[in-house]
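Each remark here refers to the structure printed beneath this line.
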Amino acid sequence: MKSFLYALFFIISSSIFAQTHFTIPQNVWRTSFKSDHSVGKWRGNSISDGLKYNYRVDTTNIEVEQFFNRSISRNLLKLEYGFTDKATLMLEIPIVSNLQEERSWKISYDPLPQKLDSLLNFYYPKPTNNSGLSDITLGLNFLIRGVPAWRGGKQRYSLYTGFDMVFPFAQDLKKFDSKSIDSNGTPLQFKHLPIGEGLTELRVRVFGEFYRKGWGRLLNMNWSFGVSSFQKNIVNPPITFLWMENASADSIAQSIGDVTRKKSPQVNGSIKTQLELVPKRVFVSTGLNSQFNGRDQFFSKNSTISKLMAKRDGFDSQNMLTTQFVKFNFVNLDPFIMLGPLPFELELGASWFLPYPLTYHNFANVASWVQISSYFQSW
Numbered sequence: 374m375k376s377f378l379y380a381l382f383f384i385i386s387s388s389i390f391a392q393t394h395f396t397i398p399q400n401v402w403r404t405s406f407k408s409d410h411s412v413g414k415w416r417g418n419s420i421s422d423g424l425k426y427n428y429r430v431d432t433t434n435i436e437v438e439q440f441f442n443r444s445i446s447r448n449l450l451k452l453e454y455g456f457t458d459k460a461t462l463m464l465e466i467p468i469v470s471n472l473q474e475e476r477s478w479k480i481s482y483d484p485l486p487q488k489l490d491s492l493l494n495f496y497y498p499k500p501t502n503n504s505g506l507s508d509i510t511l512g513l514n515f516l517i518r519g520v521p522a523w524r525g526g527k528q529r530y531s532l533y534t535g536f537d538m539v540f541p542f543a544q545d546l547k548k549f550d551s552k553s554i555d556s557n558g559t560p561l562q563f564k565h566l567p568i569g570e571g572l573t574e575l576r577v578r579v580f581g582e583f584y585r586k587g588w589g590r591l592l593n594m595n596w597s598f599g600v601s602s603f604q605k606n607i608v609n610p611p612i613t614f615l616w617m618e619n620a621s622a623d624s625i626a627q628s629i630g631d632v633t634r635k636k637s638p639q640v641n642g643s644i645k646t647q648l649e650l651v652p653k654r655v656f657v658s659t660g661l662n663s664q665f666n667g668r669d670q671f672f673s674k675n676s677t678i679s680k681l682m683a684k685r686d687g688f689d690s691q692n693m694l695t696t697q698f699v700k701f702n703f704v705n706l707d708p709f710i711m712l713g714p715l716p717f718e719l720e721l722g723a724s725w726f727l728p729y730p731l732t733y734h735n736f737a738n739v740a741s742w743v744q745i746s747s748y749f750q751s752w
């Protein structure tokens, strides 16, 4: 118990300016648990929802609009350990408790009664759901210049770099098998909602913070920029009909064969401003997160379908997602005003997407979350 009290005093007697530290003191553990929920609709390359594309039957054009609504409930366990005052190891273990997708469509005109509608019902059964472990992240943050906010001092900035490896533990899409069907004769792949993409990701980040005090309050500004590369890998493509003349799932799967995906590098950026509302107790922050992916490449036996998997009418693997967020943090770290025996931080947050052209070919989500963190020290 005595060692534990020393650990608390070591952490909170330092000049802790903010509740979000990129690195933590040597031999200190930080454990965080986050629960979040998000809902969103698929957005194409305009302000409208869903996918829009056309089929041509003889001399008739048929316009189809498909709509995808997705909700995700997720829990995240994050463990961090300070190797030194300048290096922190991080492990993130996310678990999806419920992933659900509802699918619907609207057909402008169907010259063949119910044919297109029945095909859509066959290839896109509704609703679908899944749950399970998501991709696990192992990372390392380094302080390369300046002084971290928790230490204080004359310098009021810090610059960091980080390296993350994301391992594909999440379920990716099942391989199509015409013999693997449900009681209604629907292939199980059509009902399977993947949690991940089955790709290993390597991410490099540069980030930092500026902090100043004024009017007895702390003001922070954090920024981050990262680039991710993905391992080229064999994937299971979703089998769907591409035109009315070729609506056989078996023939489509046979014509494609094995598919290799080369995912485009991903660019991430964020900026956040934080203000201390109640000294050493309550903080509010707001900012932007943005993510951009270039166009993927697919390689299969059918070069035409390979190109269509990357880009086709109404769909493009090149996508962007930009969100704005606001967070409130209740900090219980100062030993002189601490409530209870344990130091902790409680965070409540919400985020929402920014419309086209800042979000397109992606799920435009609105999310909320609660997170609690605590500190411990090993000797």
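Residues in the sequence shown are numbered consecutively from 374, following my numbering.
The beta-carbon is built from N, C-alpha and C at its ideal position, and this holds for glycine as well.
Residue i burial status per 10 Å Cβ neighbour count (16 or more: buried)
| i | result |
| --- | --- |
| LEU648 | exposed |
| SER388 | For SER388, the pLDDT reaches just 39, beneath the cut-off of 50, and the residue's location in the model is therefore unreliable, leaving the point undetermined. |
| PHE536 | exposed |
| VAL469 | buried |
| PHE563 | buried |
| LEU452 | exposed |
| MET538 | exposed |
| THR461 | buried |
| LEU378 | For LEU378, the predicted structure reports a pLDDT of 42, less than 50, and the residue's modelled location is therefore unreliable. The matter cannot be settled from this model. |
| GLY423 | buried |
| GLY455 | buried |
| SER376 | Confidence at SER376 is low in this model, with a pLDDT of 48, below 50, so its placement is unreliable and the value that follows should be read with caution. It counts as exposed. |
| VAL704 | buried |
| PRO467 | buried |
| PHE406 | exposed |
| SER551 | exposed |
| LYS700 | buried |
| THR677 | exposed |
| ARG590 | exposed |
| ASN344 | Lying before the first or after the last residue shown, residue 344 is absent from the chain, which here runs from 374 to 752. |
| ILE445 | buried |
| THR732 | buried |
| ILE612 | buried |
| VAL608 | buried |
Residue closest to residue i, alpha-carbon to alpha-carbon, out of the options
| i | options | result |
| --- | --- | --- |
| LEU592 | ALA723, HIS734, PRO714, PRO652 | PRO652 |
| LYS414 | LYS684, HIS734, TYR428 | HIS734 |
| ALA723 | ASN502, PHE672, VAL743 | VAL743 |
| LYS425 | PRO716, LEU715, ASP686 | ASP686 |
| MET711 | TYR454, THR613, ARG654, LEU450 | ARG654 |
| ILE745 | ASP490, VAL632, PHE717, THR559 | PHE717 |
| LYS443 | SER663, PHE656, PHE703, VAL739 | According to the sequence displayed, residue 443 carries Arg and not Lys. Answer by Cα proximity: VAL739. |
| LEU493 | ARG476, SER637, PRO610, ASN471 | ARG476 |
| TRP402 | ARG416, LEU464, ARG447, ILE607 | LEU464 |
| SER556 | VAL520, ILE509, LYS548, PHE495 | PHE495 |
| ILE544 | LEU472, PHE614, ARG590, SER673 | The displayed chain sequence assigns Gln, not Ile, to residue 544. Per the Cα distances, LEU472. |
| ASP490 | VAL437, THR457, THR534, ILE466 | VAL437 |
| SER690 | PHE665, LEU575, PHE701 | PHE665 |
| THR501 | PRO730, SER551, PRO610, LEU546 | LEU546 |
| TRP588 | PRO638, PHE598, PHE614, LEU650 | LEU650 |
| PHE395 | GLY630, ILE517, TYR428 | ILE517 |
| TYR729 | GLN399, SER419, ASP409 | SER419 |
| GLY549 | GLN399, ASN514, VAL632 | According to the sequence as given, residue 549 is Phe; it is not Gly. Looking at the Cα atoms, VAL632 is the closest of the given residues. |
| TRP725 | HIS410, PHE440, PHE598 | HIS410 |
| LYS636 | GLN627, ASP669, SER643, PHE688 | ASP669 |
| LEU449 | SER507, GLU720, GLY558, PHE441 | SER507 |
| SER504 | THR559, ARG447, THR510 | ARG447 |
Residue i - DSSP class collapsed to helix/strand/coil
| i | result |
| --- | --- |
| ASP537 | strand |
| ASN494 | helix |
| ASP686 | coil |
| PRO676 | Position check: residue 676 holds Ser in this sequence, whereas Pro was assumed. Reduced to three states, the DSSP call for SER676 is helix. |
| LYS407 | strand |
| LYS586 | strand |
| LYS766 | Only positions 374 to 752 of the chain appear in this structure, which leaves residue 766 out of reach. |
| GLN750 | strand |
Any C-beta of chain B under 8 Å from that of residue i
| i | result |
| --- | --- |
| LYS425 | Given the protein chain composition of this structure (a single chain), no chain B is represented. |
The ligand SAH heavy atom lying under 7 Å from the CB of residue i
| i | result |
| --- | --- |
| GLY642 | As for the ligand SAH, it is missing from this structure, which has no ligand bound. |
For residue i, the first and last residue of its enclosing alpha helix (DSSP H)
| i | result |
| --- | --- |
| ILE625 | 622-629 |
For residue i, the first and last residue of its enclosing beta strand (DSSP E)
| i | result |
| --- | --- |
| THR501 | 501-506 |
| HIS394 | From DSSP, HIS394 is part of no beta strand (DSSP E); its letter is neither H nor E. |
| ILE517 | 509-519 |
| GLN647 | 639-651 |
| THR695 | 692-705 |
| SER658 | 655-666 |
| THR613 | It is not in any beta strand (DSSP E) - THR613 carries neither H nor E in the DSSP assignment. |
| ARG634 | 632-635 |
For this session: Mind listing, in chain order, the continuous beta strand (DSSP E) runs of no fewer than 3 residues lying wholly within the region 420-474?
Result: At a cut-off of 3 residues, the continuous stretches assigned as beta strand (DSSP E) that sit fully inside the region 420-474 are 424-430, 433-457.
For this session: Any chance you could list the beta strand (DSSP E) runs of at least 3 consecutive residues sitting entirely within the region 531-583, in chain order?
Result: Runs of the beta strand (DSSP E) inside the region 531-583: none found.
For this session: Could I get the ranges of all uninterrupted beta strand (DSSP E) runs contained in the region 707-741, with 3 residues as the minimum, in chain order?
Result: Runs of the beta strand (DSSP E) inside the region 707-741: 717-726.
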